[in-house]
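Numbering (the numbering used here), first residue to last: 31 to 105. We put the CB at the ideal spot given by N, CA and C, even for glycine. One structure is given here, and the rest of the page talks about it.
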């Protein structure tokens, strides 16, 4: 049972960051974005989940490419 909570905590910590970042950009609550992804997944038989995974991948790549540097000499 402990492994279940470890996996659950990992997905809650890392997986919901996509919804949080989308909600911050749109200026709405995170709960609304999460609920929309759930409904979209049920209505379209998995398209919402595929869209979620694509956006998670895209945000990860964007974060790797655009890292914040503290000064000009950090090149």
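Inset, instruction - Taking residue 42 as the reference, give the member of 64, 96, 76 and 93 with the closest Cα. - result: Mapped onto the chain shown, residue 42 falls at position 12. Per the Cα distances, 64.
Inset, instruction - Could you say if the segment 44–63 and the segment 84–100 meet the contact criterion of at least three C-beta pairs nearer than 8 angstroms? - result: yes
Legend entry - Presumed contact (8 angstroms Cβ cut-off) between residue 79 and residue 71, rounded CB distance: Position 49 of the chain shown holds residue 79. Position 41 of the chain shown holds residue 71. The C-beta separation of residue 79 from residue 71 comes to about 5 angstroms, placing the pair in contact by the 8 angstroms criterion.
Inset, instruction - Please state whether DSSP places residue 85 in a helix, a strand or coil. - result: Here residue 85 refers to the residue found at position 55 when the chain shown is read from its first residue. Residue 85: helix per DSSP, three-state reduction.
Legend entry - Rounded straight-line distance, which links the Cα of residue 38 to that of residue 60: As a working mapping, residue 60 is identified with position 30 in the chain shown. As a working mapping, residue 38 is identified with position 8 in the chain shown. Computed Cα separation, rounded: 18 angstroms.
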